[in-house]
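There are 2 protein chains.
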Amino acid sequence: LRRGAFITIEGSEGVGKSSSLSAVEDAIRALGWETVVTREPGGTPLGERIREWVLGSPRGSLSAEVEALLMFAARAEHLDQVIRPALAAGRWVVCDRFSDATFAYQGAGRGASAQFLTELATRVQRGLEPDLTLLLDAPADVGLARISHREHDHFEQEGLAFFERIRDAYLAIAAGAPARVKIIDASLPIEDVRREAERIVAEFGDRFDPQ
Amino acid sequence: LRRGAFITIEGSEGVGKSSSLSAVEDAIRALGWETVVTREPGGTPLGERIREWVLGSPRGSLSAEVEALLMFAARAEHLDQVIRPALAAGRWVVCDRFSDATFAYQGAGRGASAQFLTELATRVQRGLEPDLTLLLDAPADVGLARISHREHDHFEQEGLAFFERIRDAYLAIAAGAPARVKIIDASLPIEDVRREAERIVAEFGDRFDPQ
Chain G
1 LRRGAFITIE GSEGVGKSSS LSAVEDAIRA LGWETVVTRE PGGTPLGERI REWVLGSPRG
61 SLSAEVEALL MFAARAEHLD QVIRPALAAG RWVVCDRFSD ATFAYQGAGR GASAQFLTEL
121 ATRVQRGLEP DLTLLLDAPA DVGLARISHR EHDHFEQEGL AFFERIRDAY LAIAAGAPAR
181 VKIIDASLPI EDVRREAERI VAEFGDRFDP Q
Chain V
1 LRRGAFITIE GSEGVGKSSS LSAVEDAIRA LGWETVVTRE PGGTPLGERI REWVLGSPRG
61 SLSAEVEALL MFAARAEHLD QVIRPALAAG RWVVCDRFSD ATFAYQGAGR GASAQFLTEL
121 ATRVQRGLEP DLTLLLDAPA DVGLARISHR EHDHFEQEGL AFFERIRDAY LAIAAGAPAR
181 VKIIDASLPI EDVRREAERI VAEFGDRFDP Q
């Protein structure tokens, strides 16, 4: 049995991750693979509790370091209980945010040391990286305008400068890993974004060769 | 203002930590210092929540690594919000378990890598170590016999071999840090243990010189 592919979707607020997620799922099914769709933080009972705790806590009440430790605790559990078993069973895993988000939000956004985050990622991921990451990219003000109507969580209450740091961090990650991270222009109409996501996954499916 | 002293109390199950804790408190008051008594995991809202998650989860359901990450997340918050501010204000902090317990329980007991725990401790403690640690030591079977009447949590359900590893790990830590860690024979009658704890704190008080 070939192991499944590990695909992550990343991006800041208001970039249309949910809609792209369903496009990715459709594209994987069109390739003939079973999918497991999950999210971070979350995906396990502990992960969902941590999500609730972090997103529900007042802005700035947790240090960047505490947030990072909680994210990696949730991630270690998620990898053990959901992601690795699904991949080993040949399923394709689609995860709404993963470690790139921790580097962007807790690192660039909130100031946790990149070296510390790298230590944690190395330990927790033990060599497992996403095979493909779709980065939904849009100027910070475009994303923020799109979420202006809804109630804002822990991170969504941050200002424009915070989301500009997040965007820059994501673009820097993409620049450093061009084979893994594909950038989609999320300021385009939602249907174009979906189509681009499907195209990238189809192309990836043709060349995916698990070790 | 001199910073306060940081005193931790360590030991496995059934060694009489609660009773020694009150003896330590009395001894510090006799020296004329204000005390803050706290515990790990715990001591902050997040810490108490993590305590509940870990001690309330079925035995073995969380990996050693996940437990360690949660313990250090709780510890980072506890240090920021409770321990460092109290010490800076000149108070003496008495903490029921600290990092030694993570090395003993998650490390020796459950198998988390000592190198990983050291990385986390270095990052989270940023050079702050307890000034004095009282290690309540008793053979594992003595401690377990003392708790045999009560309902057992997550760790208390483990077998004798687990608690022997905990005890050995604590004794190894003490051997490596003899100036900081003072061993008390916890198989003695409770009044003798209390008196010994008071004597050690009084002696420590005479020589404590904060940097």
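As you go down the protein sequences, you meet chains G and V in turn. Start counting the first sequence at 1; every next residue gets the next number (our numbering). Start counting the second sequence at 1; every next residue gets the next number (our numbering). Beta carbons: idealized from backbone N, C-alpha and C, even for Gly.
Subject >> Of the listed residues Val-15/G, Gly-127/G, Ala-30/G and Ala-108/G, nearest to Ile-200/G (C-alpha basis) >> reply: In the first sequence, the residue the question calls residue 200/G occupies position 200. It is Ala-30/G.
**OP:** Please check the pair Ile-147/V and Ser-19/V, which I expect to be a contact at CB under 8 angstroms, by giving their CB distance rounded to whole angstroms.
**Re:** Here residue 147/V refers to the residue found at position 147 when the second sequence is read from its first residue. Here residue 19/V refers to the residue found at position 19 when the second sequence is read from its first residue. With a contact defined as Cβ atoms closer than 8 angstroms, Ile-147/V and Ser-19/V miss out at about 14 angstroms.
Subject >> Expected contact under 8 angstroms - CB spacing of Ala-112/G and Ala-68/G to nearest Å >> reply: Here residue 112/G refers to the residue found at position 112 when the first sequence is read from its first residue. Here residue 68/G refers to the residue found at position 68 when the first sequence is read from its first residue. Indeed they touch by this definition, with Cβ atoms about 5 angstroms apart.
Original post:
Does the beta carbon of Leu-49/G sit closer than 8 angstroms to a beta carbon anywhere in chain V?
Top reply: Position 49 of the first sequence, counted from the start, is the residue given in the question as residue 49/G. In the sequence as presented, Leu is not what sits at residue 49/G; that position holds Arg. Chain V contact via Cβ: present.
Original post:
Just by C-beta distance, which residues in the region 119-146 of chain G are closer than 9 angstroms to chain V?
Top reply: Correct list: Glu-119, Leu-120, Arg-123 and Val-124.
Original post:
Residues in the region 94-112 of chain G with C-beta within 7 angstroms of chain V's C-beta atoms, listed in sequence order?
Top reply: Hits within the stretch: zero.
Subject >> Positions along the region 69-91 of chain V whose CB lies within less than 8 angstroms of some CB in chain G >> reply: For the region 69-91 of chain V, the set of positions with a beta-carbon nearer than 8 angstroms to some beta-carbon of chain G reads Leu-69, Leu-70, Phe-72, Ala-73, Ala-76, Glu-77 and Asp-80 in chain order.
Original post:
Between the C-alpha atoms of Thr-122/V and Ala-121/G, what's the straight-line distance to the nearest angstrom?
Top reply: Translated into positions along the second sequence, residue 122/V becomes position 122. Translated into positions along the first sequence, residue 121/G becomes position 121. Using only the alpha carbons, I get a separation of about 17 angstroms.
Original post:
Does DSSP classify Gly-205/G as helix, strand or coil?
Top reply: Here residue 205/G refers to the residue found at position 205 when the first sequence is read from its first residue. Helix.
Original post:
Contact between the region 54-63 of chain V and the region 10-17 of chain V: three or more CB pairs below 8 angstroms?
Top reply: Because the criterion of three Cβ pairs below 8 angstroms is not met, the region 54-63 of chain V and the region 10-17 of chain V do not touch.
**OP:** Sort Gly-127/G, Asp-153/G, Ser-63/G and Phe-103/G by Cα distance to Gly-14/G and report the nearest one.
**Re:** As a working mapping, residue 14/G is identified with position 14 in the first sequence. Considering only alpha carbons, the answer is Asp-153/G.
Subject >> Close beta carbons around Ala-23/V, own chain, < 7 angstroms, minus the five adjacent residues each side >> reply: Here residue 23/V is taken as the residue at index 23 of the second sequence, counted from 1. Cβ neighbours of Ala-23/V beyond the five flanking positions: Arg-194, Ala-197 and Glu-198.
Subject >> Where the alpha helix (DSSP H) through Gly-56/V begins and ends >> reply: As a working mapping, residue 56/V is identified with position 56 in the second sequence. Residues 45-56.
Subject >> Where Phe-6/V sits in the DSSP three-state scheme >> reply: The residue labelled residue 6/V in the question sits at position 6 within the second sequence. It is a strand residue.
Original post:
What's the C-alpha gap between Leu-70/G and Gly-32/V?
Top reply: Residue numbering aside, residue 70/G sits at position 70 when the first sequence is read from its first letter. Residue numbering aside, residue 32/V sits at position 32 when the second sequence is read from its first letter. Rounded to the nearest angstrom, the two C-alpha atoms are 39 angstroms apart.
Subject >> CB contact below 8 angstroms: Leu-62/G versus chain V >> reply: Taking the first residue of the first sequence as position 1, residue 62/G is located at position 62. Judged by the 8 angstroms Cβ criterion, Leu-62/G is in contact with chain V.
**OP:** Check the Cβ-Cβ distances between Glu-40/V and every residue of chain G, and say whether any is below 8 angstroms.
**Re:** Taking the second sequence and counting its residues from 1, the one referred to as residue 40/V is at position 40. Not closer than 8 angstroms to any Cβ of chain G, the Cβ of Glu-40/V fails to qualify, so no.
Subject >> Simplified DSSP state of Arg-39/V, which is helix, strand or coil >> reply: Stepping through the second sequence from its first residue, residue 39/V is reached at position 39. In this structure, Arg-39/V counts as strand in the three-state DSSP scheme.
Subject >> Nearest-angstrom Cα separation, counted from Gln-106/V out to Val-94/V >> reply: Position 94 of the second sequence holds residue 94/V. Position 106 of the second sequence holds residue 106/V. Each residue's Cα considered, the two are about 22 angstroms apart.
Subject >> Ala-186/G vs Ala-138/G beta-carbon contact at 8 angstroms >> reply: The residue you call residue 186/G lines up with position 186 of the first sequence. The residue you call residue 138/G lines up with position 138 of the first sequence. Yes, the Cβ-Cβ distance between Ala-186/G and Ala-138/G is below 8 angstroms.
Subject >> Sequence-distant residues of the same chain with beta carbon closer than 7 angstroms to Glu-156/V, five excluded per side >> reply: Here residue 156/V refers to the residue found at position 156 when the second sequence is read from its first residue. The residues are Glu-13 and Ile-147.
Original post:
Any Cβ of chain G within less than 8 angstroms of the Cβ of Glu-191/V?
Top reply: Along the second sequence, one-based indexing puts residue 191/V at 191. It does not; no Cβ of chain G falls within 8 angstroms.
Subject >> Cutoff 8 angstroms; reference Glu-184/V; Cβ partners in own chain excluding five residues on either side >> reply: Position 184 of the second sequence, counted from the start, is the residue given in the question as residue 184/V. Looking at the sequence provided, one finds Ile at residue 184/V rather than Glu. Contacts found: Ser-20, Leu-134, Leu-135, Leu-136, Asp-137, Val-193, Glu-196, Ala-197 and Ile-200.
Original post:
Cβ atoms of Thr-35/G and Glu-25/G: under 8 angstroms apart, would you say?
Top reply: Here residue 25/G refers to the residue found at position 25 when the first sequence is read from its first residue. Here residue 35/G refers to the residue found at position 35 when the first sequence is read from its first residue. Yes. Within cutoff.
Original post:
Mapping DSSP to helix, strand and coil, what is Leu-134/G?
Top reply: Locating residue 134/G in the first sequence gives position 134, counting from the first residue. Strand.
Subject >> Buried versus exposed, by CB contacts within 10 Å (16 or more), Asp-206/G >> reply: Looking up residue 206/G in the first sequence gives position 206. Exposed, by the Cβ-count rule.
Subject >> Simplified DSSP state of Val-15/V, which is helix, strand or coil >> reply: Here residue 15/V is taken as the residue at index 15 of the second sequence, counted from 1. In this structure, Val-15/V counts as coil in the three-state DSSP scheme.
Original post:
Should Gly-16/G be labelled buried (16 or more other beta-carbon atoms within 10 Å of its own) or exposed?
Top reply: Numbered from 1 along the first sequence, position 16 holds the residue referred to as residue 16/G. Buried: at least 16 other Cβ atoms inside 10 Å.
Original post:
Can you give the Cα-Cα distance for Phe-163/G and Ala-172/G, rounded to whole angstroms?
Top reply: Indexing the first sequence from 1 puts residue 163/G at position 163. Indexing the first sequence from 1 puts residue 172/G at position 172. Phe-163/G and Ala-172/G: Cα-Cα distance of roughly 14 angstroms.
Subject >> C-beta neighbour in chain G for Leu-46/V, strict 8 angstroms >> reply: Stepping through the second sequence from its first residue, residue 46/V is reached at position 46. Yes - at least one Cβ of chain G is within 8 angstroms of the one on Leu-46/V.
Original post:
From this set, Gln-125/G, Val-66/G and Ile-28/G, which residue's C-alpha is nearest Phe-98/G's C-alpha?
Top reply: Numbered from 1 along the first sequence, position 98 holds the residue referred to as residue 98/G. When each option's Cα is compared against that of Phe-98/G, the closest is Gln-125/G.
**OP:** Please determine, among Leu-79/V, Arg-150/V, Pro-130/V and Glu-65/V, the residue with the shortest C-alpha to C-alpha distance to Gly-42/V.
**Re:** Reading the second sequence from its first residue, position 42 is the one you call residue 42/V. Answer by Cα proximity: Leu-79/V.
**OP:** Give the interface partners of Val-66/G over in chain B, defined as CB-CB distance under 8 angstroms, in chain order.
**Re:** Among the protein chains of the structure shown, namely G and V, there is no chain B.
Original post:
Taking the continuous beta strand (DSSP E) assigned at Ile-183/G, which residues delimit it?
Top reply: Here residue 183/G refers to the residue found at position 183 when the first sequence is read from its first residue. Looking at the DSSP string, the run of the beta strand (DSSP E) that includes Ile-183/G is 181-185.
Subject >> Cross-chain neighbours of Trp-53/V in chain G, by beta carbon under 7 angstroms >> reply: On the second sequence, residue 53/V is found 53 positions in, with the first residue counted as 1. What Trp-53/V touches in chain G: Leu-46 and Arg-49.
Original post:
Under a CB-based cut-off of 8 angstroms, is Phe-116/G close to chain V?
Top reply: The count along the first sequence starts at 1 and reaches residue 116/G at position 116. So, interface residue.
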